[in-house]
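Residue numbers (our numbering): 1326 to 1691.
Below: one structure, written as structure tokens.
Quick look at the structure:
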């Protein structure tokens, strides 16, 4: 009964706001929209407008208590959802594993309490991590009984009282095909004197560049798998996806160096590549995308604007029930979420697999 009342009040608030927009637009429709009125109309029509967000406050009144922030050095790296009252949290794995100083990972609850967080288990296919914190009496997320329909209004929760963002479900659950990871280096080509995995060039702003790889480095292994030739390196890297974290052992000068590298994609792997697909370029115009945004067995798509660090948390329907977990910012108008029914299965499996020790880097798991 209460859920129905909240839903009806939310729909009424949104409808009232839309009517207000229409009346104001009609009243000034005969004039050129300049100055303050034009800016007012533009802001009212934005989903992030304070009045639009306020209309969803009752929707997220309960699920916001089940949403957490994961921080390193007081900077948010991801959101997460509480899945058990005894301190179990689910989030986006690659968003966490790509960070430095994982020993400083902190979980902040909606009431402001903070706890040290450790990674207990991971699922590479869905890119989720099960996090453990030393807390009890928490409020787990409540899953919806049915999947949302295309066109349904959805709200992404945050630890705050208002939603982080709102959007519309744009496509039903489907598989997202895998892409292969890219280092962003040039290796010896046909006819060159060397066949070993010697780095001939590091492309600007590529994954290799960001990890500290240098021209002249000799790549000896990838995640402890010995690499002897350039072709072996290419084959090894193609076994990973964009956003995966790999450990490279390289020879530089008289010694060996270990580097952690978050693999890029066709866009970020080679800066300024002329072979870049037009739609890939357009997708990036809407802001930064998740490094790992492909290769998911089942996700549904919605058009909520998210940043990569906004992923990992719940998305709810107008009843305030969780319909999925945001797992990737995939394009200019596309975000992906793992359906609630599948998320429940993944969580139960990860809890049964959970190891007592912290996973300190992504390399061991990836």
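C-beta atoms are modelled at their ideal positions from N, C-alpha and C, and glycine is treated no differently.
Nothing here was measured: the structure is a model prediction, and the numbers come from that model.
Query, Result
"Rounded straight-line distance, which links the Cα of residue 1484 to that of residue 1353", "Because the pLDDT of residue 1353 is 44, which lies under 50, any placement of that residue in the model is unreliable, and the number read from its coordinates should be weighed accordingly. Cα-Cα distance, rounded: 39 Å."
"Status (buried if at least 16 other CB within 10 Å, exposed otherwise) for residue 1443", "buried"
"Proximal residues to residue 1565 (C-beta, below 8 Å), its chain only, five neighbours per side dropped", "1505, 1506, 1571, 1588, 1691"
"Inter-residue CB distance, residue 1621 and residue 1501 (contact presumed, cutoff 8 Å)", "5 Å"
"Endpoints, the alpha helix (DSSP H) within which residue 1674 is located", "1665–1678"
"Three-pair Cβ contact test at 8 Å for the region 1529–1542 versus the region 1554–1561", "no"
"Distance between residue 1547 and residue 1536 (C-alpha atoms, nearest Å)", "14 Å"
"Sequence-distant residues of its chain with Cβ nearer than 7 Å to residue 1496 (five each side left out)", "1475, 1625, 1626"
"Under 8 Å between C-beta atoms of residue 1629 and residue 1491", "yes"
"beta-carbon residue 1496 near the ligand ZN non-hydrogen atom, thresh 7 Å", "Within the structure as shown, the ligand ZN is missing, as the structure has no ligands at all."
"Whole-angstrom distance between residue 1392 and residue 1473, CA atom to CA atom", "20 Å"
"Alpha-carbon spacing of residue 1649 relative to residue 1614, whole angstroms", "19 Å"
"7 Å Cβ shell around residue 1448 - same chain, five flanking residues per side excluded", "1671, 1675"
"Cβ neighbours of residue 1513 in the same chain (closer than 8 Å, five flanking residues each side left out)", "1519, 1520, 1521, 1523, 1525, 1555"
"CA-to-CA distance, residue 1409 to residue 1480, given in whole angstroms", "22 Å"
"Distance CB(residue 1665)-CB(residue 1652) smaller than 8 Å", "no"
"Euclidean distance between Cα positions of residue 1618 and residue 1654", "7 Å"
"Same chain only: Cβ atoms within 8 Å of residue 1397, ignoring 5 sequence neighbours per side", "1424, 1425, 1426, 1427, 1429, 1430, 1431"
"Own chain residues within Cβ distance below 7 Å of residue 1582, not counting five before or after", "1575"
"Simplified DSSP state of residue 1377, which is helix, strand or coil", "helix"
"Endpoints, beta strand (DSSP E) assigned at residue 1400", "1400–1409"
"Coil, strand or helix - residue 1389 by DSSP", "helix"
"Where residue 1501 falls: helix, strand or coil (DSSP)", "coil"
"Pairwise C-alpha distance: residue 1590 and residue 1530", "12 Å"
"Straight-line gap, residue 1667 to residue 1645 (C-alpha atoms, nearest Å)", "18 Å"
"8 Å Cβ cutoff, residue 1506 in contact with chain D", "Considering every chain present, this structure includes no chain D. It has just one protein chain."
"Reduced DSSP secondary structure (H/G/I, E/B, other) of residue 1417", "strand"
"DSSP state of residue 1353 mapped onto helix, strand, coil", "Bear in mind that a pLDDT of 44 at residue 1353, under 50, signals an unreliable position, so the number given afterwards is only what the model happens to contain. Of the three classes helix, strand and coil, the one that applies to residue 1353 here is coil, per DSSP."
"For residue 1485, the three-state DSSP class (helix, strand or coil)", "coil"
"Contact belief for residue 1419 with residue 1452 at Cβ below 8 Å, rounded distance in angstroms", "5 Å"
"C-alpha distance - residue 1577 paired with residue 1545, whole-angstrom precision", "10 Å"
"Reduced DSSP category for residue 1591 - H, G, I as helix; E, B as strand; rest coil", "helix"
"Proximity of residue 1562 and residue 1489 at Cβ, strictly below 8 Å", "no"
"Rounded straight-line distance, which links the Cα of residue 1580 to that of residue 1417", "35 Å"
"Residue 1495 (DSSP reduced to helix, strand or coil)", "strand"
"DSSP three-state assignment for residue 1465, whether helix, strand or coil", "coil"
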